[in-house]
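Each residue of the sequence shown is one higher than the one before, starting from 1 at the first, in the working numbering.
Each residue gets a CB set at the ideal place from its N, CA and C atoms; glycine is no exception.
So the structure is just underneath, and the comments pick up after that.
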Amino acid sequence: MFGLLFFFLGECPFSLFAQNNYWQQRVHYTIHARLDVHTNRLTGQEHIVYENHSPDTLKQVFFHLYWNAFQPGSMMDIRSREAGKLILGITPQGDTIRDWDSRVRDRIAHLKPDEIGYDSVTHITMNGIAQPFETKETILQVHLTKPILPHQQVIFDVDFKTQVNIQIRRSGRDNAEGVRYSMSQWYPKICEYDQQGWHPTPYVGREFYGVWGDYDVWLTLDKHYVVAATGYLQNPDEIGYGYERPGTRVKPATGNELTWHFVAPNVHDFVWAADPDYVHLVDTAHNAAHTAIHVFYKKDPITSKDQDWQNLLKAAVRVLPFMEQHFGPYPYHQYSFIQGGDGGMEYPMATLIKGPSLGTAFHEWMHSWYQMMLGTNESLYPWMDEGFTTWAEGKVSYYYYHQFADSIFQNESEKIAFLQRLDTSLPRGESGSYKGYYALVKSGLAEPMTTHADHYETNFAYSQNAYSKGAVFLEQLGYIIGDSLRNQTLLNYYWQWRFKHPTPIDFIHVAEQTSGLKLDWYLEYWIYTTKTIDYAIEQVQPEGNATRIVLRRIGQMPMPIDLLITFQNGKQQLIYIPLDLMFGTKPQENRAIPRTVLPAWRWTDPVYEFNLPISFTQIRSVQIDPSKRMADIDESNNVYLK
Numbered sequence: 001m002f003g004l005l006f007f008f009l010g011e012c013p014f015s016l017f018a019q020n021n022y023w024q025q026r027v028h029y030t031i032h033a034r035l036d037v038h039t040n041r042l043t044g045q046e047h048i049v050y051e052n053h054s055p056d057t058l059k060q061v062f063f064h065l066y067w068n069a070f071q072p073g074s075m076m077d078i079r080s081r082e083a084g085k086l087i088l089g090i091t092p093q094g095d096t097i098r099d100w101d102s103r104v105r106d107r108i109a110h111l112k113p114d115e116i117g118y119d120s121v122t123h124i125t126m127n128g129i130a131q132p133f134e135t136k137e138t139i140l141q142v143h144l145t146k147p148i149l150p151h152q153q154v155i156f157d158v159d160f161k162t163q164v165n166i167q168i169r170r171s172g173r174d175n176a177e178g179v180r181y182s183m184s185q186w187y188p189k190i191c192e193y194d195q196q197g198w199h200p201t202p203y204v205g206r207e208f209y210g211v212w213g214d215y216d217v218w219l220t221l222d223k224h225y226v227v228a229a230t231g232y233l234q235n236p237d238e239i240g241y242g243y244e245r246p247g248t249r250v251k252p253a254t255g256n257e258l259t260w261h262f263v264a265p266n267v268h269d270f271v272w273a274a275d276p277d278y279v280h281l282v283d284t285a286h287n288a289a290h291t292a293i294h295v296f297y298k299k300d301p302i303t304s305k306d307q308d309w310q311n312l313l314k315a316a317v318r319v320l321p322f323m324e325q326h327f328g329p330y331p332y333h334q335y336s337f338i339q340g341g342d343g344g345m346e347y348p349m350a351t352l353i354k355g356p357s358l359g360t361a362f363h364e365w366m367h368s369w370y371q372m373m374l375g376t377n378e379s380l381y382p383w384m385d386e387g388f389t390t391w392a393e394g395k396v397s398y399y400y401y402h403q404f405a406d407s408i409f410q411n412e413s414e415k416i417a418f419l420q421r422l423d424t425s426l427p428r429g430e431s432g433s434y435k436g437y438y439a440l441v442k443s444g445l446a447e448p449m450t451t452h453a454d455h456y457e458t459n460f461a462y463s464q465n466a467y468s469k470g471a472v473f474l475e476q477l478g479y480i481i482g483d484s485l486r487n488q489t490l491l492n493y494y495w496q497w498r499f500k501h502p503t504p505i506d507f508i509h510v511a512e513q514t515s516g517l518k519l520d521w522y523l524e525y526w527i528y529t530t531k532t533i534d535y536a537i538e539q540v541q542p543e544g545n546a547t548r549i550v551l552r553r554i555g556q557m558p559m560p561i562d563l564l565i566t567f568q569n570g571k572q573q574l575i576y577i578p579l580d581l582m583f584g585t586k587p588q589e590n591r592a593i594p595r596t597v598l599p600a601w602r603w604t605d606p607v608y609e610f611n612l613p614i615s616f617t618q619i620r621s622v623q624i625d626p627s628k629r630m631a632d633i634d635e636s637n638n639v640y641l642k
């Protein structure tokens, strides 16, 4: 089974390269690393097979050296402290709300020499020949002595040494929960080269972009530590700690260290964590592939959360079939939830999470689709990663708690109260993504979603754009083309672009193919600008035996309009006004309510008027967008009530 899966994951992407002249680079890492748990230092060697599938000649190569960010005076340090100078408001308790990332704040500036992080390359060769290089904080620039030709394969050998910093952001040691090591962004990682060229993005704040490849990783450290990682453990019967096959007698380690050997096919990063007190749980998901689900957590004798971690495992086992049905098959045969890091952070086949929150767990797992299989450039398009994941997290949470409510809750009143709170957190709920987006608009801090993740003026604008406005993008797409076609678009997107690097245009193209509608205008307005939607019912008045209805577009962004007419006898009729830029109409969504399609509203026209062949006396109310999927920033003028 493993061999077949490795072949499928490793070969499938290349069969797609010929489509539309698409190409992407490929890499194979063999990494040998040793961690000294007494000095918190790691030494390693990388053997990197790099395949240049591009039509370009490469005269230089770049590597990420992420941990150099965790030093006083670094770009991350300066950027965070500058953000902290901006005051966003005051809490009800009178505390100042500053714009910095609360996990970073000014902590880097106060790190001592044995607390900082560093990632130092000491030697690098290409095809056995030493290469000149220079370190520019979190980026290593290699000036090749001989260029890499199109479609050429080369071999880099890299010697490096690092120091694991005190936990600051994502990676580090001794986090707030006491986890010893959270080893993310821990090795010199080759930067991505794509149709836009090299992406040597400094580690300043957020988001990542990586080359698809295979990882063969050997980790040596104190034998008392339990390791959780991306990939499949190749020597479980030597390691034990819950990895061994049932009935197998684990061979006792000789010496003070163990070497863990992991293989990870067709991923674009590798994470691991280690702690001597990890509890390791494992179960099998209820999907066709019987995916193994692992949970690693550090037992807390004070606030024992053992049951919560066990519930997380049970929930993961239950929801995977739903996730696969709606978002596409999960292709790897295991996934790990690992306590560590500083919140929740996604990686291939694993996530680092602080605690057993199911919302966080569902969110991070959905990143296996939106970033770990559909590998967008997060720095340029964070909303395609965080926004899509936030939207999908809501769907998974709704399914889980409603489907399994009777077995989750102790009593009926507790169940009802929780489900009500859950509904308010979904996209259109009182505390959901729409509310976050409206807060951004009201703040005056909005920026186009094309802004690079590290170049937003405020962390607030980045967060609301990437998570809230990104999630609204998908929910509102359902308003434009219909929920069923939106859902089919996501599945088609998965099958066309998994294990590749899709862009916003690629997604919109899939949506257009699926719906038969033109949607480039939606991308242009919602993503490229900060223009907002605001429609109003201006007039509803008698016109002979008919009723005259006048609608006005107040906002700068045009949209199709669903207009619900409710009559005095309780019956309803939906008036659908497509937008001319769509060159078509969405399918009727609710067959229980008759629908009338009117001529398209031209995007240049601020007013749309029509006569409804119904007497004014028969009308009780008129409402724009009864589903509330359209992100109208002022709903007060959306309803006429007689």
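Please state whether DSSP places residue i in a helix, a strand or coil.
i           : result
residue 14  : In this predicted model, residue 14 has a pLDDT of only 35, less than 50, meaning its place in the structure is not dependable enough to derive any value.
residue 133 : strand
residue 369 : coil
residue 289 : coil
residue 631 : coil
residue 266 : strand
residue 155 : strand
residue 446 : coil
residue 357 : coil
residue 508 : helix
residue 473 : helix
residue 256 : coil
residue 592 : coil
residue 405 : helix
residue 611 : strand
residue 120 : strand
residue 296 : strand
residue 571 : coil
residue 195 : coil
residue 384 : helix
For the alpha helix (DSSP H) holding residue i, just list the boundary residues, first then last.
i           : result
residue 170 : Neither: residue 170 is in no alpha helix (DSSP H) and is coded neither H nor E.
residue 429 : Per DSSP, residue 429 belongs to no alpha helix (DSSP H) and is neither H nor E.
residue 111 : Residue 111 -> no alpha helix (DSSP H), and no H or E assigned at all.
residue 463 : 459-463
residue 524 : 520-526
From the options, pick the residue whose C-alpha is nearest to that of residue i; which is it?
i           : options               : result
residue 114 : 94, 165 and 235       : 165
residue 332 : 266, 394, 537 and 298 : 266
residue 268 : 522, 500, 387 and 577 : 500
residue 355 : 568, 335, 299 and 395 : 299
residue 104 : 88, 72 and 126        : 72
residue 315 : 382, 523 and 398      : 398
residue 633 : 45, 44 and 553        : 553
residue 176 : 89, 56, 341 and 466   : 341
residue 603 : 594, 580 and 592      : 580
residue 78  : 400, 518, 454 and 559 : 454
For residue i, count the other beta carbons within 10 Å of its own beta carbon; 16 or more makes it buried, fewer makes it exposed. Which is it?
i           : result
residue 514 : buried
residue 189 : buried
residue 18  : Note that residue 18 scores a pLDDT of 39, beneath 50, so its modelled location is shaky and nothing firm can be said.
residue 26  : buried
residue 217 : buried
residue 288 : exposed
residue 12  : Its pLDDT being 41, under 50, residue 12 is placed unreliably by the model, and the measurement read from it follows with that caveat. When all chains shown are included, residue 12 counts as exposed.
residue 396 : buried
residue 123 : exposed
residue 227 : buried
residue 247 : exposed
residue 367 : buried
residue 88  : exposed
Could you please give the first and the last residue of the uninterrupted beta strand (DSSP E) stretch that includes residue i?
i           : result
residue 183 : 181-183
residue 96  : 96-98
residue 552 : 546-553
residue 90  : 87-90
Quickly, what does DSSP pair residue i with across the bridge? List them, please.
i           : result
residue 26  : 51
residue 32  : 45 and 218
residue 622 : 565 and 640
residue 64  : 139 and 189
residue 280 : 296
residue 272 : 183 and 229
residue 352 : 338 and 345
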